[in-house]
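By our numbering, the letter at position 13 of the sequence shown is numbered 377, and the numbering carries on one by one without gaps.
Glycine residues also receive a C-beta, built at the ideal position from the N, C-alpha and C atoms.
Step one of this worksheet: look at the structure below.
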Amino acid sequence: MSSVSHRELSAEERFKQRNLSWPARRRIIARVLFVVLSLIAVAVLAFAFWVHTVE
């Protein structure tokens, strides 16, 4: 139970830090989303090209 309360406390501290650095966090989230969506798009295009060449 002590570890659970410690996790809640650290989560609360993280939430405060997120509120303090929200613009920076939003930029990081935007970059991560851009990279993830780009990788997904490349994977989909590669899969479509592979299916096209197999058929």
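Given residue i, which residues of its chain have a CB within under 8 Å of its CB, disregarding the five upstream and five downstream residues?
i	result
S385	none
Would you report the Cα separation of residue i and residue j, rounded to the nearest angstrom?
i	j	result
A405	F411	10 Å
R391	W414	34 Å
R395	E419	36 Å
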